[in-house]
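**Student:** Take this structure first; my questions come after.
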Amino acid sequence: MSEAAAVAMPAEARATWWQRVGPLLGLALLCVVLAIASPHFLTLDNLLNVLRQSAINAVMALGQLVVIITAGIDLSIGSIMGLTIVLLALMMRGGTPSFLACVLAVLAGVAIGLLNGLLLTRLKLPHPFISTLGTMNIARGAALLLASGVPISGLPAGFREVVAGSAFGIPSPVIVAGALYVVGHLFLTRTVWGRDLYAIGGNREAARLCGIPVDRRLNLAYALSGGAAGLAAVVMAARMNSGFPLAGSGAELDAIAAVIVGGASFFGGVGTAGGTLIGALIIGFLRNGLNLLDVSAYWQMIVIGAVIVAAVCIDVLRQRVGREA
Amino acid sequence: MATPGAGPLLEVRGISKRFGAHAALADVTVTLVAGEVHAVAGENGAGKSTLMAILSGGLRPDAGELLWEGRAVVLGDVRSAQALGISMVHQEPQLVGSLSVAENVGLGRLPVHGGPLRLVDRGRLRDEARRALALVRADLPPERRVETLGVAERQLVAIARALHFGARLIILDEPTSSLSMAETESLFLTLRALRERGTATFYISHRLEELRALADRVTVLRDGRVVTTVPLAQTSNDALILAMSGRELATVDAARDERPAGEVLLEVRGVGRRGRLHDVSLEVRAGEIVGLAGLVGAGRSRLLRTVFGADRADAGEVRVRAADGSWRRVGTLRDAVAAGVGLVPEDRRALGLVPVASVADNIGLVTPPGTRRFGLLRRGRLREFAARAVETLRIKARSLDAPVRTLSGGNQQKCVLGRWVGPDARVLLLDEPTRGVDVGAKAEIHRHLRELARRGLAILIASSELPELLALCDRIAVMRQGRLVSELPRAQATAPEVLRLATGTR
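Spelled out as C-alpha cells, the structure:
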C-alpha cells in the first residue's frame, strides 16, 4: 500500500492513506490542543496516567476489533468482564494461585466468547447483536448471582502489586496492553486466520466459496473477543483490588467507540490494530483533557458522542471517495 | 372503468433502453388490445424483463412513447403504473409473508373507518379481499397468513391484489416456472376467466406449449429487438425457435481449435438434490470444455454449486482424479478446493469478490499450496502467486494492492478466475463467467479458457448465452427442470436444437 501511496496518490490510495493516517492525525491534533489548553497535560505523570486508564479499554477494544472486522459486534464483553472478574476474585479468595487464577479467568472469557460464536454459527441466530445481547444479560446475571451482588474484596497483595504496579517506570497495564497489541497486529496481518477474518467481513459468501471455514473462524473471533475481556478483567481486578460484579458495565460501548474512531468499518473487512489503539487513546486523552479543563462529566459525554459521530462521518466520506475512484 | 373496445389498450412505440454500452431494448413496438393474452418470448437476455419493467413503471425508457387508450403516458414509478391499471406479478410474488391474505390484497390502500384515527376497517377489507379472490377463482380464507401458502396460491393472491387495484393489464413473468402441472392448468383457467372479463395479459414464458394453450398472439424478442409479432395460430414451433435463436446453424468460431481430450478428470454420478437436481451424471475430460445450457431455473447453477460442494447433494457422487491418477471423492467445498476444483460463481460482486480487499488478497484468498506455514501467511509467495495470475490473465490493475472494486468488470472477473488457475488446478467450474463484462474482455476470457483447457484442465461452464457455449465448448449438456436431458457433441449442437431440448418442445 505504501508504494501506491508514494507514487501518484490516486483516489483509491488517498482513501487508504486517510484510513490509516486519519486517526493518528486526530490524536496528534487533540494532543496539541490539550497541551496548549492545559499546562498539566504534557507532564510525564499525566501521560502515564492516561495510558494506564486507557489500557483496559484498549484491551477490550482489540477483541471488539477482531469481531467488527468480521462485520459482527460483541455486546457481551462488558458483562464477560464482570463475570470473569468475579470468578477471578472467588478463585483467589479460595486459595488458587494468582497466576493460575488469571489464566483460568482469561479462559473463562474465551469460553463465553466461544458460546457467542456457537450461538451464531450453530444455532444460526440471525445477527450477533442478538446472541451477544443475550449472553450480555446472562453473564451479568451470573456475575451478580455468584457474588451475591456485592464486591469480593481482599485479593492477594502480590497479584495487585504485579498487575497494577509498574516495571521500568511503565505501568503494568500499559505493558500488558502493548504486548497484546503487538500480538494482535501480527495475528491480523500475518496469519491465515487473521486474513480470513477480513475476507469474511468483506464478503462472507465469497470467503466461503474460496474454501475458508467461515463458521470456525467466526467462533475464533468471538472466543478471542471474550478472552480479551477476560484479560481486561484481570487488570481491572488488580486496579480495583476487588471483584466487583458490575465491573465493565457499558465497557462494550467504549470499546466499540475506540474501534470505530480508530478507522474500522462497521460494515466489516476494514480495520487495524494500530488504528484501534489510537482510537482508544483518543478517547482516553479526550476524557483526561476534559477533566483537566474542568469540563463536567455531562459535557464529556456529549463531546465523546460527537467524536464518534464525526469519526463515522469520516468513514462514510472516505468510502464515497473510494467508490468514485 | 372505461368501455373496452375500439382502439388498442396499450401501444408501445419505439421504446429503447440502454444500460451503459449495452442496448437492452432497441426500437420496440408492440400493441395490446383489451382482453388479449399476449405472449412475450425470447432467449435469456433478449430484453423481455427490461420491457416489462418499463411497462410496469420500474424503469424509464430512454426513447419512445407509451400510449394508454390512445393517450401518451409517462410511467414514473410502479404506483403510477398501478394507478393507470398496469400491474406486474413477479415470478416470486412480492407479498408480505407475515400478513394475512386480505391485508396483502389491500396493502397500500387499506379501507379505513372515518374519524381521526383512521383505523383499518377489517370487515370491509375482508369483503374486498373475498371479492378479488373470487375473480381469480381462489378459495382462500382471507385471514390466512401468506407465508403458509404455496407459490401457486401466492401468485393468485398477487393477481387478486392487482385486480383489486383496478388492473386492466396484468404482466406475468414466467408464472409457471415453479408450478406443478395441475397448478399450471388451474392458473390458465383463471387467466382465461380474466380474459373473458376484458383484462389484458402480457405473459412471459419460454414454454411454447403453454403459449399455445393460452396466448392469442406472441411477440418474439431477440437482442432487444422485436423479431416478429404473430397470432399463435399462424406460426409453428420451429419458426418460433428460429425467431428466438436467430440462427439456423451453429456459428463456428474460427479460433476454436482441436484439443486432444485426455483422461476423465471430473466424474459426476447420479447427483441429486431434493426438488432441485435429479440424477445428473456427467464426465469432463482433461482439455475438454463442456457447456451447460438450459433456461433460467433449469438447475445449471445448482449443479455447479453441488459439484463444488457449496451445496450439499442428497444423492450421488462427485469424483476428481488427482495428479497421481487416483480418484478423490468430493463431498464438501474443502474437499473440492483440496482436489484442485475451482468455482467462478454466478454473481461476482455478491459471491466472488471481497470488494474492499486488494487484487493480491482477492486472488490469494484460496491460500494456494505453499503460501502458508503453520497458520502463518507467506506474504511473499502469496504475492508471487497473485502476480503470476495477473500476468497470465493480463489483469489490468494499477497495482497488486489496488482495491479490487476499482477494477473494471472484466478484470474483476479475471481476478476471480485467477484464484483457481494455479499450478495445482484440475477442474474449473464457471457460472456465467462473462455476464456484465464488455465484448473485448469477453473474448479475452474465452481465449484464456481455451488456453487453460489446452493446459489440461477440465472445464465445465454454464451460460445463458448460447452463442458463447457454441463457440467455446466441445460438448453441450442441456438441462431442463433439474435434469440433464441430453448431451450434444459439437457437431450436432445448433442453437435451435439446444433451445428445443431446453424448452422440451418437439
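Chains as they are written, first to last, in this note's numbering: chain A, 7 to 331; chain B, 734 to 1239. Yeah, the Cβ is synthetic: ideal placement off N, Cα and C, and Gly gets one too.
Is I1128/B helix, strand or coil when you go by DSSP?
**Tutor:** coil
**Student:** Taking the continuous beta strand (DSSP E) assigned at S1014/B, which residues delimit it?
**Tutor:** 1010 to 1018
**Student:** Any beta carbon of chain A sitting closer than 8 Å to that of R1067/B?
**Tutor:** yes
**Student:** Return helix, strand or coil for P794/B, following the three-state DSSP convention.
**Tutor:** P794/B sits in coil when the DSSP states are folded into three classes, being neither helix nor strand.
**Student:** With a threshold of 8 Å between beta carbons, is R128/A in contact with chain B?
**Tutor:** no
**Student:** Between V829/B and L215/A, what straight-line distance do the alpha-carbon atoms span, to the nearest angstrom?
**Tutor:** 31 Å
**Student:** At a cut-off of 7 Å, would you count V1013/B as near the ligand NAP, judging by its Cβ distance to the nearest heavy atom?
**Tutor:** Absence of the ligand NAP is noted for the structure shown, with no ligands found whatsoever.
**Student:** At a CB distance below 8 Å, what residues from the stretch 1159 to 1190 of chain B approach chain A? Give them in sequence order.
**Tutor:** none
**Student:** Using beta carbons (cut-off 8 Å, strictly below), is R166/A in contact with chain B?
**Tutor:** no
**Student:** Under the assumption that P1101/B contacts G1155/B (Cβ atoms under 8 Å), give the Cβ distance between them as a whole number of angstroms.
**Tutor:** Here P1101/B really is in contact with G1155/B; their C-beta atoms are around 5 Å apart, less than 8 Å.
**Student:** Starting from the N-terminal side, write out each stretch of the beta strand (DSSP E) that is 3 residues or longer and does not extend beyond the stretch 936 to 978 of chain B.
**Tutor:** Whole beta strand (DSSP E) segments, 3+ residues: 950 to 955, 958 to 964.
**Student:** Output the distance between the C-alpha atoms of H751/B and M785/B, rounded to the nearest integer angstrom.
**Tutor:** Before going on, a small fix: residue 751/B reads as Arg here, not His. Using only the alpha carbons, I get a separation of about 15 Å.
**Student:** Rounded to a whole number of angstroms, what is the C-alpha to C-alpha distance between R128/A and E916/B?
**Tutor:** 37 Å
**Student:** What does T934/B pair with, by DSSP beta-bridge criteria?
**Tutor:** V770/B, I903/B
**Student:** What do you reckon, are the CB atoms on V265/A and G277/A nearer than 8 Å?
**Tutor:** yes
**Student:** Identify whether W1060/B lies in helix, strand or coil by the three-state DSSP scheme.
**Tutor:** In this structure, W1060/B counts as strand in the three-state DSSP scheme.
**Student:** Do L1076/B and A1043/B come within 8 Å of each other at the CB atom, strictly closer than that value?
**Tutor:** yes
**Student:** Between T1039/B and chain A, is there a C-beta pair that is closer than 8 Å?
**Tutor:** With its beta carbon at least 8 Å from every one in chain A, T1039/B lies outside the interface.
**Student:** With a threshold of 16 other CB atoms inside 10 Å of the CB of W199/A, please say whether the residue is buried or exposed.
**Tutor:** With 16 or more other Cβ atoms from the protein chains shown falling within 10 Å of its own Cβ, W199/A counts as buried.
**Student:** Against chain B, which members of the stretch 102 to 120 of chain A pass a CB distance test of less than 8 Å?
**Tutor:** Those residues of the stretch 102 to 120 of chain A placed with their C-beta closer than 8 Å to a C-beta in chain B do not exist.
**Student:** Suppose the cutoff is 6 Å on Cβ atoms and the five residues either side in sequence are ignored; what does the same chain contact list for M15/A look like?
**Tutor:** Confidence in M15/A is poor, its pLDDT being 47 and thus under 50, which makes the residue's placement unreliable; the coordinate value appears in the next sentence. So no residue of the chain qualifies.
**Student:** Relative to the alpha-carbon of I310/A, which residue among L298/A, C108/A, G290/A has its alpha-carbon at the smallest distance?
**Tutor:** G290/A
**Student:** Which residues mark the beginning and the end of the beta strand (DSSP E) in which D760/B is found?
**Tutor:** 755 to 765
**Student:** Return yes when the Cβ of L965/B is within less than 8 Å of the Cβ of D949/B, no when it is not.
**Tutor:** yes
**Student:** My output table needs one value for W305/A: the three-state DSSP class, helix, strand or coil.
**Tutor:** helix
**Student:** If we count the other Cβ atoms within 10 Å of its Cβ and call it buried at 16 or more, is A67/A buried or exposed?
**Tutor:** buried
**Student:** Does any CB atom of chain A fall closer than 8 Å to the CB of R1152/B?
**Tutor:** yes
**Student:** Using 8 Å as the Cβ pair cut-off and three pairs as the minimum, do the stretch 1130 to 1143 of chain B and the stretch 1080 to 1094 of chain B touch?
**Tutor:** yes
**Student:** Run through chain B and tell me which residues come within less than 9 Å of Y204/A, C-beta to C-beta.
**Tutor:** V1087, V1089, A1090, D1094
**Student:** Can you grab the Cα-Cα spacing for the pair R1002/B / S255/A, in whole Å?
**Tutor:** 58 Å
**Student:** List the residues of chain A that A1043/B touches, going by C-beta distances under 8 Å, in chain order.
**Tutor:** Correct list: R214, L215.
**Student:** I'd like the list of long-range same chain contacts for G1085/B, defined as Cβ closer than 6 Å, with 5 residues on each side in sequence excluded.
**Tutor:** Taken in chain order, the residues that qualify are P1078, V1149.
**Student:** How many Å lie between G119/A and G84/A at the Cα?
**Tutor:** The straight-line gap from Cα to Cα measures roughly 12 Å.
**Student:** Rank V884/B, R1009/B, E880/B, E861/B by C-alpha distance to the C-alpha of L896/B and give the top, closest one.
**Tutor:** E861/B
**Student:** Just to confirm, are F1041/B and L1066/B a CB contact at a threshold of 8 Å?
**Tutor:** yes
**Student:** Locate the alpha helix (DSSP H) running through R1159/B, then write down its first and last residues.
**Tutor:** Taken as a continuous stretch (DSSP letters only), R1159/B belongs to no alpha helix (DSSP H), as it is neither H nor E.
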